[in-house]
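Chemist:
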Amino acid sequence: MLQFDQLSYWERSTLLEGIDFLVIGSGIVGSACALRLRERFPDAKIVILERGYLPTGASTKNAGFACFGSVTELDDDLEHISEERVWSTVELRWRGLKRLQERFSADQIGLIFPGSWDLLTNDSTEQQRLSDRLDYFNEQIFRITGEKECYSYNREIAQRCGFQEIAGGFRNRLEGELHTGKLFVATQQLLAEAGIAVLNGMNVLNCEIGERDVTVTTTYGTLRANHLAVTVNGFARQFLKDERIVPARAQVLVTDTIPGWSLPGTFHYQKGYYYFRSVDNRLLLGGGRNLDFKGETSTELAVTDAIVGALEELIRTMILPGRTVKTAYRWAGIMGVGAEKKPLIELTHPHVGIAVRMGGMGVAIGSLAGEELAELF
Ligand SMILES: Cc1cc2nc3c(=O)[nH]c(=O)nc-3n(C[C@H](O)[C@H](O)[C@H](O)COP(=O)(O)OP(=O)(O)OC[C@H]3O[C@@H](n4cnc5c(N)ncnc54)[C@H](O)[C@@H]3O)c2cc1C
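Taking my numbering, the leading residue of the sequence shown gets 15, the next gets one more, and so forth.
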């Protein structure tokens with residue numbers, strides 16, 4: 015492969031020299047950061063370096079839930095995280111979803127809002143305890159969104175969808191779903207229109223931060239830039255050596271087509287550790303990280319038989335009981351998580367910033383996080 019010093023004058027002077035803003039990572043966050051930088055600095059040279067031939071973390075691998083909080087997950091968060099933090103993170107997600115809708119039309123990214131369901135098994139004590147909290151949850155969501163009665167309990171959902179072992183579910187009428195592939199394509203179009211170069215296959219090995227600029231070493235040679243934005247999410251430890259961010263692998267499968275079948279929204283189960291929806295008359299199901307937290311603390315994009323097997327078991331016993339449905343696709347993506355369920359957005363030097371730790375809700379939060387980083391320069 016050609017090294018930078020073997021490239022033409024045109025290639026080097028147009029793409030690799032005189033860079034004002036270099037962004038590492040072309041996921042939702044890096045792209046949003048670059049787009050906002052363009053708005054702020056119309057004449058700047060902005061380049062994104064991405065090590066994969068496609069983004070190779072989470073942004074093209076996720077489930078496409080446009081979500082901000084389900085009852086059991088919020089309830090669980092409130093056990094471990096302060097009230098103020100939990101609701102301010104929900105607010106970020108909500109604002110992020112609004113931002114996404116300002117950048118893209120619903121059609122462009124396949125965004126619809128049929129609502130979501132947080133399924134409960136037959137534990138009436140737990141259902142009663144959570145139902146008693148609905149007024150409080152609804153008040154908080156009203157304060158954030160101005161929307162009333164976001165959550166309600168529904169007993170009919172299991173029968174309506176043919177689920178087994180499910181007693182009912184908490185509905186969130188404000189959550190939606192989008193087409194992850196369409197969001198990627200629409201983002202590429204915006205980047206191209208904004209004159210932002212995305213250089214794929216560019217693995218960043220090291221960054222040296224000088225007083226006024228940054229030298230970045232890639233597999234093909236070094237680049238200098240006046241500013242650096244690190245938006246590598248689950249891979250952040252390579253650059254930050256920071257304990258506040260941990261990689262978390264998530265595995266997903268999509269079944270063969272099931273003629274005539276679809277679901278009325280997105281579904282969460284077991285505090286969000288499992289999630290599923292229909293897409294093009296197929297079932298998309300992900301999760302199971304709770305079965306092996308240690309093993310899934312990984313940046314390796316691999317699926318495991320144990321977790322895919324557990325997902326397939328859930329299909330057989332709960333989601334599509336009595337039907338034979340084959341898995342057609344399976345893949346893994348890498349998230350960035352931490353004890354705090356809030357993105358980490360900060361300048362580490364006057365001309366170097368990071369926006370990482372998007373957790374399992376980067377579709378919602380990612381646009382805003384990238385833009386907030388761009389505001390710091
Ligand atoms: C399976 C799965 C399902 C999910 N489902 C949902 C969902 O339904 N709803 C939701 O809101 N969120 C979901 N998420 C989370 C969401 O996808 C992420 O939070 C979001 O995509 C993070 O975006 P990002 O830009 O920060 O990171 P990423 O998309 O991971 O982008 C980081 C990029 O940095 C690149 N990179 C890393 N290291 C280097 C390097 N050294 N040199 C060059 N490039 C580098 C990577 O290749 C990657 O493309 C899911 C995540 C996964 C994995």
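C-beta: ideal position from N, C-alpha, C; glycine also. Since the model is a prediction, treat every value here as computed from it, not as a measurement.
Pick out whichever of PHE127, CYS81 and LYS255 has its Cα sitting closest to the Cα of GLY376.
Modeler: Among PHE127, CYS81 and LYS255, the Cα nearest to that of GLY376 belongs to CYS81.
Chemist: Using a threshold of 8 Å, state whether the C-beta atoms of ALA393 and MET349 are closer than that.
Modeler: Only positions 15 to 391 of the chain appear in the structure, and residue 393 is not among them; the question remains open.
Chemist: When burial is assigned at 16 or more other CB atoms within 10 Å of the CB, is GLY323 buried or exposed?
Modeler: Answer is exposed; the Cβ neighbour count stays below 16.
Chemist: How about the stretch 233-240 and the stretch 254-268: do they share at least three Cβ pairs that are nearer than 8 Å?
Modeler: Contact between the stretch 233-240 and the stretch 254-268 is absent, because fewer than three Cβ pairs lie under 8 Å.
Chemist: Whole angstroms is fine: what's the gap from LEU254's alpha carbon to ASN220's?
Modeler: Roughly 11 Å separates the two Cα atoms.
Chemist: Between the Cα of GLY248 and the Cα atoms of LEU361, ALA369, ALA48 and ALA388, which residue gives the shortest distance?
Modeler: Closest option to GLY248, Cα to Cα, is ALA369.
Chemist: With DSSP collapsed to three states, give me the class of TRP275.
Modeler: Three-state DSSP puts TRP275 in coil, outside helix and strand.
Chemist: Helix, strand or coil for GLU5? Go by DSSP, reduced to three states.
Modeler: The structure shown has nothing for residue 5, since the chain only spans 15 to 391.
Chemist: Let me confirm a value: THR28 is counted as buried when at least 16 other C-beta atoms fall within 10 Å, else exposed. Which label applies?
Modeler: When all chains shown are included, THR28 counts as exposed.
Chemist: Using 8 Å as the threshold, is the stretch 263-276 in touch with the stretch 289-300, meaning 3 or more CB pairs across them?
Modeler: Judged by Cβ distances under 8 Å, the stretch 263-276 makes contact with the stretch 289-300, as three or more pairs qualify.
Chemist: My assumption, with CB atoms under 8 Å, is that ASP89 sits in contact with LEU144. Please give the rounded CB distance.
Modeler: Indeed, because the Cβ distance is near 6 Å, the residues count as touching under 8 Å.
Chemist: Could you tell me how far apart the beta carbons of LEU242 and VAL366 are, in whole angstroms, since I believe they sit closer than 8 Å?
Modeler: Between VAL366 and LEU242 the Cβ distance is about 5 Å, and since that is below 8 Å, they are a contact.
Chemist: So GLY380 and LYS75 are in contact, right, with Cβ under 8 Å, and what is the actual spacing, rounded?
Modeler: Wrong, their Cβ atoms sit about 13 Å apart, outside the cutoff.
Chemist: Quick check on the DSSP output: what are the complete beta strand (DSSP E) runs of length 3 or more inside the stretch 87-157, in order along the chain?
Modeler: The qualifying runs are 130-134.
Chemist: Please state the DSSP three-state secondary structure of LEU265.
Modeler: Contrary to the premise, residue 265 reads as Gln rather than Leu in this sequence. Residue state, collapsed to three classes: strand.
Chemist: Let me know the secondary structure DSSP gives ASN295 once reduced to three states.
Modeler: Here ASN295 sits in coil by DSSP.
Chemist: Measure the C-alpha to C-alpha separation of ALA342 and VAL199 and round it to an integer number of angstroms.
Modeler: If I take the Cα positions, the gap works out to 23 Å.
Chemist: Would you decide whether PRO364 is buried or exposed? Buried here means 16 or more other CB atoms lie within 10 Å of its CB.
Modeler: By the neighbour-count rule (16 or more Cβ atoms within 10 Å), PRO364 is not buried but exposed.
Chemist: Exposed or buried, which one is ASN168 when buried takes at least 16 other CB atoms within 10 Å?
Modeler: By the 10 Å Cβ count, ASN168 comes out exposed.
Chemist: By DSSP, does ALA316 sit in helix, in strand, or in coil?
Modeler: Three-state result, ALA316: coil.
Chemist: Just to confirm, is the Cβ distance from LEU192 to GLY78 under 8 Å?
Modeler: Yes, these two residues count as a Cβ contact at 8 Å.
Chemist: In or out: GLY182 buried (at least 16 other Cβ within 10 Å) or exposed?
Modeler: By the 10 Å Cβ count, GLY182 comes out buried.
Chemist: So, under 8 Å CB-CB, PHE281 and SER130 are touching, yes? Tell me the CB distance rounded to an integer number of Å.
Modeler: Right, the Cβ-Cβ distance comes to about 7 Å (below 8 Å), so this counts as a contact.
Chemist: Any contact between the stretch 30-38 and the stretch 48-67? By contact I mean 3 or more CB pairs, one from each, below 8 Å.
Modeler: Flag = yes, the stretch 30-38 and the stretch 48-67 touch.
Chemist: Can you tell me which of the three DSSP states PHE35 falls into?
Modeler: If DSSP states are grouped into helix, strand and coil, PHE35 belongs with the strands.
Chemist: Shortest alpha-carbon distance to ARG371 belongs to which of PHE184, ALA262 and GLU314?
Modeler: Of the candidates PHE184, ALA262 and GLU314, the one whose C-alpha sits nearest the C-alpha of ARG371 is ALA262.
Chemist: Out of ARG344, GLU327 and THR338, which has the shortest C-alpha to C-alpha gap to LEU315?
Modeler: Residue ARG344 is the option with its Cα nearest to LEU315.
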